[in-house]
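Asks:
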Amino acid sequence: MKIMKFEIEMENGKIMKGELYPDIAPITVDNFVNLIENHFYDGLIFHRVIAGFMIQGGGYDRNLKEKDCPSIKGEFSSNGVENSLLHTRGVLSMARTMIKDSASSQFFIMHQDAPHLDGEYAAFGKITEGLDVIDEIANTPTGFQDVPLQMQVIKTMRLL
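Adding 35 to a residue's 1-based position in the sequence shown gives its number in my numbering.
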């Protein structure tokens with residue numbers, strides 16, 4: 036299986052490293068890689084944080100202004116695409132609306148296993164180093180709509 040490596044550097048200097056699986060979700064990985072290469076994620080935040088579930092980012096800046104991005108096909112079984120990657124701790128998956136092909140730039144990282152998402156969202160990678168950073172973000176106090184009270188800012192993302 037082909038594997039691509041990447042890292043997320045947070046504004047506070049903490050690092051998460053992970054793998055992307057183009058054999059499992061080629062459209063999703065290609066989109067994510069293009070966004071990384073174009074520095075789309077630099078300065079964006081994890082804007083939805085639910086301890087015991089997931090941390091979501093890649094769509095809003097620190098002023099909660101949405102950053103637009105075109106949608107891609109949802110690569111998951113309920114949308115007609117076989118995807119064997121399960122939503123276990125550390126897995127990356129694409130956020131979307133109720134519309135199955137609405138994923139664009141927003142992604143989430145599983146804080147804990149969520150099997151009810153399997154087959155419904157496009158899992159495409161996994162954090163392999165820095166699970167403690169996920170824990171730290173997941174456990175930060177949140178306010179309205181699960182927005183962290185202290186901004187969790189992505190400084191940059193890069194391919195390795």
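C-beta: ideal position from N, C-alpha, C; glycine also.
This structure is a prediction, so every number in the text was calculated from the model and none was measured.
(1) Starting from residue 170, trace the alpha helix (DSSP H) both ways and give me its first and last residue.
(2) Thinking C-alpha only, which one of 161, 122, 44, 74 is nearest residue 151?
(3) Compute the Euclidean distance between the alpha carbons of residue 163 and residue 42, then round it to the nearest angstrom.
(4) Do the stretch 129-139 and the stretch 91-110 make contact, defined as three or more Cβ pairs closer than 8 Å?
(5) Can you give the Cα-Cα distance for residue 127 and residue 120, rounded to whole angstroms?
(6) Would you decide whether residue 141 is buried or exposed? Buried here means 16 or more other CB atoms lie within 10 Å of its CB.
(7) Whole angstroms is fine: what's the gap from residue 37's alpha carbon to residue 100's?
(8) Just to check my reading of the structure: residue 88 and residue 183 have Cβ atoms closer than 8 Å, yes? What is that Cβ distance to the nearest angstrom?
(9) For residue 64, which residues in the same chain have their Cβ closer than 6 Å to its Cβ, ignoring the five residues on either side in sequence?
(10) Closer than 6 Å by C-beta to residue 66: which residues in its own chain qualify, once you throw out the five before and the five after it? Chain order, please.
(11) Tell me the rounded alpha-carbon separation between residue 168 and residue 51.
(12) When you compare only the Cα positions, how much space is there between residue 130 and residue 176?
(13) Residue 187: which of 170, 193, 194, 195 sits nearest, CA to CA?
(14) In terms of residue numbering, what span does the alpha helix (DSSP H) encompassing residue 63 cover?
(15) For residue 91, which three-state DSSP category applies?
Replies: Let me lay it out:
(1) If you look at residue 170, you'll find it in the alpha helix (DSSP H) that goes 166-173.
(2) Nearest of 161, 122, 44, 74 to residue 151, Cα basis: 122.
(3) Whole-angstrom Cα-Cα distance: 10 Å.
(4) Under the three-pair Cβ rule at 8 Å, the stretch 129-139 counts as touching the stretch 91-110.
(5) Each residue's Cα considered, the two are about 10 Å apart.
(6) That one is buried.
(7) Between residue 37 and residue 100, the C-alpha separation is close to 35 Å.
(8) About 14 Å separates the Cβ atoms of residue 88 and residue 183, ruling out a contact at the 8 Å cut-off.
(9) Close CB contacts of residue 64 within its chain, under the 6 Å cut and outside five residues either way in sequence, are with 55, 57, 159 (chain order).
(10) The answer, listed in chain order, is 107.
(11) Near 7 Å, if we compare the C-alpha coordinates of residue 51 and residue 168.
(12) The straight-line gap from Cα to Cα measures roughly 22 Å.
(13) When only C-alpha atoms are compared, the closest one is 170.
(14) Unbroken alpha helix (DSSP H) run through residue 63: 61-72.
(15) Strand at residue 91.
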